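Heads up: the protein sequence lines correspond to chains A and B, in order.
The first sequence runs 1 to 115 under my numbering.
The second sequence runs 1001 to 1109 under my numbering.
Beta carbons: idealized from backbone N, C-alpha and C, even for Gly.
Bear in mind the structure is a predicted one, so any value in this text is a computation, not a measurement.
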Amino acid sequence: DTAVSQTPKYLVTQMGNDKSIKCEQNLGHDTMYWYKQDSKKFLKIMFSYNNKELIINETVPNRFSPKSPDKAHLNLHINSLELGDSAVYFCASSQDPVATNEKLFFGSGTQLSVL
Amino acid sequence: RKEVEQDPGPFNVPEGATVAFNCTYSNSASQSFFWYRQDCRKEPKLLMSVYSSGNEDGRFTAQLNRASQYISLLIRDSKLSDSATYLCVVIPNDYKLSFGAGTTVTVRA
């Protein structure tokens, strides 16, 4: 069984649309994350939730809104998509909020292409 | 200066060769260090943690140099399957993981 699963794997959409990416983890972890990997391959954290509570909110446009209905799920909704939103979005989880020796488990990524 | 910097490579090496590369970090208060591996179009996966005294995991050796603020990864006896991008990860004192952009290694037959 996949530990961290996200859907869809590919998302192609027009500028201005609203879309969502879903993420679920079956590891029993308390903390989940959304990362964005752009064309230059930098992985940048966007959000982190611990037990459904937002703990990290980086400088991300407010068109991006995470939602955590329970600690096993962290969805990402994006309004009014822009060309610059095209990237690979990775969901991840860890047992605790990132501490000194925390291993992250990543989902397989969602390739978002905004046309 | 970026928090974590890596030589992007690519490092093209023949099978059986040794390849090594570094990653520098800017925050001297950084506490933890890791190497992740990312295959093309796949998710990153933890390769190994980096301990102060240096550590080995099979053909992989990781070292930390706090004075010069860099970590290194050495791969001995390279296999074709080692071809990947290796991401340096640093946890500074604000506990937010910082990823490098990765070093690409290509092992050829």
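request  = Please report how far the alpha carbon of A:R63 lies from the alpha carbon of B:V1013, in whole angstroms.
outcome  = 44 Å
query = Between the beta-carbon of B:Q1038 and the beta-carbon of B:L1087, is there less than 8 Å?
reply = yes
query = Looking only at C-alpha atoms, which of A:V60, A:K67, A:S20 sits nearest to A:N50?
reply = A:K67
task = In the DSSP assignment, find the beta strand (DSSP E) that holds B:S1078 and state where it starts and stops.
result = Per DSSP, B:S1078 belongs to no beta strand (DSSP E) and is neither H nor E.
task = May I have the straight-line CA-CA distance separating A:T110 from B:Q1006, to the nearest angstrom?
result = 25 Å
query = Does the separation of the CB atoms of B:E1003 and B:Y1025 fall below 8 Å?
reply = yes
inquiry  = Would B:P1044 pass as an interface residue toward chain A - the criterion being a Cβ-Cβ separation below 8 Å?
reply    = yes
ask   = Which residues in the same chain as A:E58 place their Cβ atom closer than 8 Å to its Cβ, once the five residues preceding and following it in sequence are excluded?
value = K44, I45, M46, F47
request  = Would you kindly check if the distance between the Cβ of A:Y33 and the Cβ of A:A92 is under 8 Å?
outcome  = yes
query = Which of helix, strand or coil does DSSP assign to A:D85?
reply = helix
query = Name the chain A residues whose beta carbon is nearer than 7 Å to that of B:F1099?
reply = F42, L43
ask   = Using a Cβ cut-off of 7 Å, which residues of the stretch 1001 to 1013 of chain B contact any Cβ in chain A, in chain order?
value = none
ask   = So the beta strand (DSSP E) A:N25 belongs to, where does it begin and stop?
value = As written in the sequence, residue 25 of chain A is Gln, which differs from the Asn given in the question. Its beta strand (DSSP E) spans residues 19 to 25.
key: Buried or exposed (CB count within 10 angstroms, at least 16 for buried), A:D70   = exposed
request  = Measure the C-alpha to C-alpha separation of A:T156 and A:S20 and round it to an integer number of angstroms.
outcome  = Absent from the structure is residue 156 of chain A, since the part of chain A shown begins at 1 and ends at 115.
request  = Flag this pair as yes or no: are the beta carbons of A:S39 and A:G107 separated by less than 8 Å?
outcome  = no
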